[in-house]
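First up is the structure itself, then whatever we jot down about it.
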Amino acid sequence: MRMRRVVRAVSIFVTQLCVALLKAVVMCAILGLVLVTIMHSMGVPVPSAADMLRGVSRLADVLS
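Each residue of the sequence shown is one higher than the one before, starting from 299 at the first, in our numbering.
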């Protein structure tokens, strides 16, 4: 009985953790999209998605 309670508590914690992570990822994506849209409408040169991903891969290579 006690083991079942522990497993249930851990399961609830992991579920809430995953939900919070998903919310954070979605909010970051939305905020980034809004920021890029505003910068683009103001005339600021915004790099393309391919350039940004290339920069992320370079950063990952440096940090690994």
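Heads up, the beta-carbon is just placed ideally off N, CA and C, and yes, glycines get one too. A quick note: this is a predicted structure, and the numbers were derived from the prediction, not measured.
Subject >> Beta-carbon gap between G353 and P343 smaller than 9 Å >> reply: Not closer than 9 Å, so no.
Subject >> Span of the alpha helix (DSSP H), counted from its first residue to its last, around G330 >> reply: Element bounds for G330: 300-340.
Subject >> Simplified DSSP state of V344, which is helix, strand or coil >> reply: Correct three-state label for V344: coil.
**OP:** Give me the Cα-Cα distance between M301 and M350, rounded to the nearest whole angstrom.
**Re:** Going by the C-alpha atoms only, they are around 47 Å apart.
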